[in-house]
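To keep things clear, I will list the structure first and then write my remarks on it.
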Amino acid sequence: VSKVRLWGTRLTEDTTENRELFVRTTLRELLVYILFLVDICLLTYGMTSSTTYYYTKVMTDLFVNTPSDSGLTFQSIGVMDDLWTYTQGPLLDGLYWTRWYNNQSLDTGMHSFIYYENMLLGVPRIRQLKVKDKSCKVPSDFKEEITDCFDVYSDKKEDNSVFGLINGTAWQYQTEKEMNGSSHWGMLATYSGGGYYLDLTLTKEESAALLANLKDNLWLDHGTRVVFIDFSTYNANINLFCVIRLVVEFPATGGAVPSYQIRTVKLIRYITTWDYFIIGCEIVFCVFIFYYIVEEILELRIHRLSYFKSIWNTLDVVVILLAIVAIIFNVFRTIKVDRLLGNLLKEPNMYADFEFLAFWQTQYNNMNAVNLFFAWIKIFKYISFNKTMTQLSSTLARCATDILGFAIMFFIVFFAYAQLGYLLFGTEVESFSTFYKCIFTQFRIILGDFDYDGIERANRILGPIYFFTYVFFVFFVLLNMFLAIINDTYSEVKEELASQKDELQISDLIKQSYTKTFMKLKLKKEKISDVQKALQSGSKELEFKDFRETLKEMGHADHEISAAFSRFDQDGNQILDLVEQETMRRELEEKRVVELECALATTMSKMDLVMEKMRFQDIGKTNKKETTGTHLTITNEVSIMFLWISFSLTFMTLMYATLNLNCLHGLLYITITLKRSIKHIHVNMHASYIILLPSLKFSLQQERPASGANILVNLERGVRREVPSWSSTAQLGNTENRIYQDICWPTATENSNTTI
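Structure below.
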């Protein structure tokens with residue numbers, strides 16, 4: 001049973017006939033998944049930082065955008081000679097920082113610290129790949145004039161022969177395995193990890209001499225198809241590696257195509273306190289993955305291959321598989337980095353090949369980003385059964401067939417225009433230079449981002465025709481057909497959902513639980529009366545449906561009725577027997593008594609404040625008209641006394657009629673209070689005037705409002721914090737601690753704002 005509860009889901013539990021169990025199971029799954037989502041968000045965002053962007057930017061500015069003395073930058077390299085100018089100028093200047101701006105030594109030994117903060121790891125490496133001569137065939141008409149032919153790059157046509165000075169790795173071919181290299185996807189082709197390479201040194205002068213030697217001996221020639229410049233830096237301030245690769249491709253057409261790749265990654269993971277917090281999140285992540293693996297196994301064992309009919313179940317498997325790959329790579333990266341750094345510390349003059357690790361770290365980050373995306377989308381699995389959320393999924397599912405059929409027609413027209421654009425403008429317009437670029441260019445045209453002038457320059461007649469017909473048929477006709485299909489389906493789904501019977505939702509379950517808890521703490525007076533009426537409508541046994549019908553007629557909600565009934569239905573059989581009914585009556589009667597007693601106490605206290613306010617008005621009149629003040633005061637006292645007696649008798653009658661003998665002690669208490677008030681009202685009247693007069697003057701000077709709260713404060717100041725004997729509040733307050741310890745009598749404080 002414990003296993004079912006721990007790994008219980010909608011697919012492992014029988015929730016077909018029990019809607020409440022279905023909702024409860026879904027809610028539990030959602031809560032567990034939210035915890036998992038929070039954990040994976042912490043892991044993913046904990047590995048990234050805005051400093052990675054700035055690190056990449058400063059390196060880009062230094063090695064890509066910094067011009068030479070002649071104004072040449074890396075991006076402006078156009079021929080082989082430009083490459084030599086760049087390597088002997090901006091490249092060496094950017095690699096070797098050994099002095100401050102005032103020419104003072106950095107005192108860092110032989111190591112270079114780029115921008116004074118970024119340590120150059122090992123030495124840079126320059127590598128080239130070549131193709132064989134005669135790798136292409138020269139037409140017979142030009143054989144006498146053209147003797148050499150170097151084709152575009154491919155693995156089969158790659159040159160691996162010795163050339164030039166013969167000795168040294170710069171003149172001898174090394175395979176990808178020998179160099180522990182990896183392939184590179186360039187702008188024009190995909191290149192292998194082998195080739196001819198030269199490692200520079202730790203000093204600028206020696207490196208400049210090596211580059212000059214390569215240039216003098218014609219290291220670059222007709223067969224050269226690509227040159228790579230690789231090096232890595234490390235910034236201890238932010239614990240980030242920057243792996244830089246500068247690439248210059250030399251196509252068979254001549255010229256040069258420069259590109260670059262700068263990867264800023266975090267390879268050393270655990271240093272700061274935050275890093276160790278991430279370790280904890282990684283452990284929790286592994287626990288969650290284990291939990292979901294067991295859950296998927298249990299569901300697969302029950303449903304077999306039919307489990308994959310749902311797209312959400314397939315998404316579950318994808319998220320788990322990506323998470324497992326991420327965990328394995330995490331372990332692999334940690335071991336590999338430790339080994340590489342150990343070798344680098346032993347031989348600082350060696351080339352530090354972080355390219356492989358940086359590449360896979362980037363793929364790891366990309367994989368985590370995709371996994372996090374799927375994880376967020378998966379939330380719809382748990383909320384899609386809601387009527388509102390179902391509209392989207394039901395609409396897409398129902399119109400999928402129509403959209404798929406229409407998509408075939410759309411892409412036939414779309415690809416027809418793509419090949420037309422490629423053939424018409426591919427030789428002159430860069431965005432149409434390949435069929436691949438044509439596809440994305442046409443999507444950009446739909447969004448309004450295109451180069452119409454370039455199209456018109458390439459073909460002044462067919463260019464405008466291509467543009468206008470494409471916009472009309474694809475944008476105005478076909479795309480709006482897509483929208484029409486989805487809109488019609490959405491209207492149908494919305495109409496069907498509106499006609500369906502409302503079922504129990506998560507919000508209803510939460511509201512029901514809240515109401516049930518609220519009723520356990522305090523039942524409102526009206527609800528108590530209505531429930532008592534419902535009890536009176538029953539016979540020996542009271543069924544839930546009769547109980548519900550009675551309270552529904554009185555305007556109560558279903559969840560309130562269910563909460564009240566289930567509280568006293570101890571055996572859960574949806575029937576209240578005589579014992580359960582008696583328990584409900586007794587508890588409701590007790591709550592009714594308490595509420596009426598509190599209401600009476602509140603009313604009496606407010607009446608007391610009315611009396612006090614009227615007395616102070618008389619005192620003010622006395623100060624102005626001393627000759628007539630006494631008569632007015634006595635008249636008001638008599639009126640107030642009879643008013644107080646009238647209200648008290650009214651509430652005594654109400655209490656007796658409502659509670660019968662259960663509140664006999666309340667009636668007795670009221671009688672005693674009235675007797676004391678009548679007895680002492682005239683005796684203490686004049687003394688109270690004398691005592692209250694200083695407080696009244698103080699109150700008038702401060703221009704404080706004559707509220708009940710301020711009156712009580714002045715009373716306390718005037719009689720040394722003792723309540724006057726004629727005050728009914730005093731009687732209530734004194735009796736409170738002796739008789740009504742369970743009732744919260746209202747009291748006035750200095751900061752209270754009592755309204756009458």
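If you're matching positions, the sequence shown starts at 1 in UniProt numbering and goes up one per residue. No residue lacks a Cβ here, since even glycine has one placed at the ideal position from N, Cα and C.
Three-state secondary structure (DSSP) at GLY629? With a pLDDT of 45 at GLY629, under the threshold of 50, the modelled position of that residue is not reliable, and no figure is offered here.
If you measure between the beta carbons of VAL319 and GLU296, is that distance less than 8 Å? no
Look up PHE231 in the DSSP assignment and say whether it is helix, strand or coil. strand
Among ILE77, LEU202, PHE415, TRP376, which one has its Cα closest to the Cα of ASP39? TRP376
So, under 8 Å CB-CB, ILE455 and PHE467 are touching, yes? Tell me the CB distance rounded to an integer number of Å. 6 Å
I'd like to know whether the C-beta atoms of PRO124 and ILE229 end up nearer to each other than 8 Å. yes
Give a yes or no on whether the C-beta atoms belonging to TRP100 and LYS215 are separated by under 8 Å. no
Own chain, CB closer than 6 Å to ILE383, minus 5 neighbours either side, in chain order: MET389.
With DSSP as the reference, label SER259 as helix, strand or coil. strand
Which of the three DSSP states is assigned to LEU345 in this structure? Judged by DSSP in its simplified three-state form, LEU345 adopts helix.
With DSSP as the reference, please indicate the residues paired to ASN118 in a beta bridge. ILE114, ASN235
Work out the CA separation of TRP312 and LEU298 for me, nearest whole Å. 16 Å
GLU158 (DSSP reduced to helix, strand or coil): strand
Could you compute how far the alpha carbon of PHE373 sits from the alpha carbon of PHE288? 17 Å
Report all residues from its chain with a CB closer than 7 Å to the CB of LEU664; omit the five preceding and five following residues, and keep chain order. Its pLDDT being 40, under 50, LEU664 is placed unreliably by the model, and nothing is read from it.
According to DSSP, is ARG245 part of a helix, a strand, or is it coil? Three-state DSSP puts ARG245 in a strand.
What residue range is occupied by the uninterrupted beta strand (DSSP E) comprising THR199? Thr is not the amino acid found at residue 199; the sequence shown has Asp there. Where ASP199 is concerned, the enclosing beta strand (DSSP E) stretches over 196-199.
Compare the C-alpha of LEU315 against each of ILE278, ARG339, LYS378 and name the closest. Selected option, being the one with the closest Cα: LYS378.
Assign ALA564 to buried or exposed, taking buried as 16 or more other Cβ atoms, counted over all protein chains shown, within 10 Å of its Cβ. buried
Using DSSP with H/G/I as helix, E/B as strand and the rest coil, what is THR169? Note: THR169 maps to coil in three-state DSSP.
Alpha-carbon to alpha-carbon, LYS309 and PHE443: 32 Å
Let me check understanding here. Comparing Cα to Cα, which of THR48, THR26, ALA418 lies closest to ASN239? THR48
Hey, is the region 189-206 in contact with the region 260-267, meaning 3+ C-beta pairs nearer than 8 Å? no
Three-state secondary structure (DSSP) at LYS143? coil
Does DSSP put LEU542 in a helix, a strand or coil? strand
Secondary structure at TYR86, three-state DSSP: helix, strand or coil? Three-state DSSP puts TYR86 in a helix.
Report the three-state DSSP secondary structure of TRP100 (helix, strand or coil). coil
Taking LEU120 as the reference, which of ILE293, SER161, ASN103, ASP93 has the closest Cα? ASP93
Which residue's Cα is closest to the Cα of LEU497: ASN118, THR395, ASN217? THR395
Please report the straight-line C-alpha distance between ASP577 and VAL23, rounded to a whole angstrom. 30 Å
So, helix, strand or coil for LEU21, using DSSP? helix
With a threshold of 16 other CB atoms inside 10 Å of the CB of ALA416, please say whether the residue is buried or exposed. exposed
Three-state secondary structure (DSSP) of ILE575: strand
So, do the region 275-294 and the region 350-366 have three or more beta carbon pairs nearer to each other than 8 Å? With the cut-off at 8 Å, the region 275-294 and the region 350-366 do not touch.
For THR264, the residue or residues it bridges with in DSSP: BP columns for THR264 point to CYS242.
Could you have a look at GLU13 and say whether DSSP puts it in helix, strand or coil? Coil.
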